[in-house]
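Read the structure below first, then the notes.
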Amino acid sequence: MLEARGLAVARGKRSLLANVDLTLHRGELVVVIGPNGVGKSSLLAVLGGLLEPAAGTVHRHGRVAAALQSPALARRTVNANLQLAMSWWGVPRAQRAERAREAMALLRIEHLGDRLADTLSGGEARRAHLARALALQSDALLLDEPFAGLDPPTKADLLNDASAALRSGERATLVVVHDRGEAWALADRLIVLLDGGVAAEGDPQEVLERPANHDVARFLGFTGTLREDDGSSRDVRPAHVSLDPGGPYTGTVTRRVHEEDAVLCEVTLADGVVQTRTDYPGPAVGQRVRLRIDGGVRF
Numbered sequence: 005m006l007e008a009r010g011l012a013v014a015r016g017k018r019s020l021l022a023n024v025d026l027t028l029h030r031g032e033l034v035v036v037i038g039p040n041g042v043g044k045s046s047l048l049a050v051l052g053g054l055l056e057p058a059a060g061t062v063h064r065h066g067r068v069a070a071a072l073q074s075p076a077l078a079r080r081t082v083n084a085n086l087q088l089a090m091s092w093w094g095v096p097r098a099q100r101a102e103r104a105r106e107a108m109a110l111l112r113i114e115h116l117g118d119r120l121a122d123t124l125s126g127g128e129a130r131r132a133h134l135a136r137a138l139a140l141q142s143d144a145l146l147l148d149e150p151f152a153g154l155d156p157p158t159k160a161d162l163l164n165d166a167s168a169a170l171r172s173g174e175r176a177t178l179v180v181v182h183d184r185g186e187a188w189a190l191a192d193r194l195i196v197l198l199d200g201g202v203a204a205e206g207d208p209q210e211v212l213e214r215p216a217n218h219d220v221a222r223f224l225g226f227t228g229t230l231r232e233d234d235g236s237s238r239d240v241r242p243a244h245v246s247l248d249p250g251g252p253y254t255g256t257v258t259r260r261v262h263e264e265d266a267v268l269c270e271v272t273l274a275d276g277v278v279q280t281r282t283d284y285p286g287p288a289v290g291q292r293v294r295l296r297i298d299g300g301v302r303f
């Protein structure tokens with residue numbers, strides 16, 4: 005439904021991305037992830053025709069809708085916001101009410117249809133924003149940070165509903181996020197942007213288990229690195245590391261971070277630094293511990 009070839013993206017004189025090739029197919033949900041400032045939102049704007057590319061081409065096969073990060077709802081009811089967008093889109097008047105109802109049902113906001121936009125909570129406004137985009141029934145839908153600014157419980161609820169609502173056999177959908185958890189929950193295909201280009205692309209589990217290089221691994225949560233006897237390095241996630249009195253590795257706890265259901269411990273070894281999660285209270289800073297490390301990726 006959408007193809008980009010040799011795409012370069014810039015903001016003013018600043019180059020953000022170069023030589024990006026990207027294809028969106030009908031029926032798939034693609035997630036683009038990368039650190040702040042890498043050019044994710046600018047890429048979406050170029051793909052949607054809101055920003056001219058610095059180089060390369062974009063071919064759109066059908067109608068493309070883009071929903072930007074800010075909900076920016078009009079001072080009308082939720083239902084009126086959806087119908088207004090459809091009127092701009094050219095949807096026949098006779099179809100608008102039913103399409104609005106269907107879109108609100110997908111995001112579970114039928115009860116908000118008669119509420120004025122300026123009375124909505126942040127999560128409700130996000131749901132109305134997504135429903136407005138879905139009501140257009142575009143061939144390709146581009147979403148920029150649709151869960152931004154929400155507290156964890158509200159985001160979790162919306163993410164759960166959106167993961168179903170955004171899937172359609174009739175539409176290609178691309179979602180820009182910066183949170184890895186959002187990416188794993190949504191993506192059929194994952195694209196990682198780093199250092200001015202596409203650093204990794206593929207099935208989310210494949211990308212996570214086999215990062216293309218050390219930089220991709222670090223961005224995807226491989227926070228520990230071990231030096232191996234053959235001179236290579238092994239990057240590991242906290243999930244690969246466990247406290248084990250009989251483990252083959254010995255180290256010292258150098259940092260502790262309390263999390264909601266666990267303690268994240270940084271452990272310094274003779275040949276590297278790793279992180280592991282354990283039940284509260286966990287070992288103290290300065291305590292010697294033994295570890296077992298299973299998994300990781302070598303470079």
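What the sequence shown shows, in the working numbering, is residues 5 to 303, in sequence order.
All C-beta atoms, glycine included, are put in the ideal place defined by N, C-alpha and C.
In terms of residues, what are the limits of the alpha helix (DSSP H) holding residue i?
i, result
"R97", "97-110"
"E263", "Here E263 belongs to no alpha helix (DSSP H), and DSSP marks it neither H nor E."
"A69", "Here A69 belongs to no alpha helix (DSSP H); instead the beta strand (DSSP E) covers 68-71."
Within 10 angstroms of its Cβ, does residue i collect 16 or more other Cβ (buried), or is it exposed?
i, result
"Q279", "buried"
"N85", "buried"
"P39", "exposed"
"P215", "buried"
"L17", "The displayed chain sequence assigns Lys, not Leu, to residue 17. Exposed, by the Cβ-count rule."
"G228", "buried"
"L33", "buried"
"L51", "buried"
Between the alpha carbons of residue i and residue j, how many angstroms are there, rounded?
i, j, result
"V82", "G153", "20 Å"
"E196", "V36", "With the sequence shown as reference, residue 196 is identified as Val, and Glu is not the correct amino acid for it. Each residue's alpha carbon lies about 6 Å from the other."
"A221", "L194", "14 Å"
"A288", "H218", "30 Å"
"A70", "G43", "16 Å"
"E106", "L138", "9 Å"
"L162", "P96", "30 Å"
"L122", "H115", "According to the sequence provided, residue 122 is Asp. The question's Leu does not apply to it. Cα to Cα, D122 sits roughly 16 Å from H115."
"D199", "L20", "8 Å"
"L295", "V267", "15 Å"
"I297", "S246", "7 Å"
"K159", "F151", "6 Å"
"L145", "P75", "15 Å"
"L6", "D143", "9 Å"
Got a sec, what are the start and stop residues for the beta strand (DSSP E) residue i sits in?
i, result
"V6", "Residue identity differs from the one stated: residue 6 is Leu in this sequence, not Val. Its beta strand (DSSP E) spans residues 6-15."
"S19", "18-28"
"A176", "176-181"
"S246", "245-247"
"G206", "201-206"
Is DSSP giving residue i helix, strand or coil here?
i, result
"A58", "coil"
"S167", "helix"
"V220", "helix"
"L124", "coil"
"D283", "coil"
"R64", "strand"
"D143", "coil"
"G94", "coil"
"L295", "strand"
"V35", "strand"
"V289", "coil"
"R241", "coil"
"G185", "helix"
"E270", "strand"
Let me check you understand the geometry: is the CB of residue i closer than 6 Å to at least one non-hydrogen atom of the ligand MG?
i, result
"P39", "This structure simply doesn't include the ligand MG, nor any ligand for that matter."
By Cβ distance, which residues of its chain are closer than 7 Å to residue i, with the 5 residues on each side in sequence left out?
i, result
"G290", "T256, V257"
"I113", "V82, E128, R131, A132, A135"
Note down, in chain order, each residue of its chain lying with its Cβ closer than 6 Å to the Cβ of residue i, except the 5 sequence neighbours on either side.
i, result
"A59", "A12"
"G173", "G31"
"Q73", "D148, E149, A152"
Cutting at 8 Å between CB atoms, please list the residues of its own chain near residue i, excluding the five before and the five after it.
i, result
"R80", "L88, L120, A121"
"E205", "R193, L194, I195, V196, V211"
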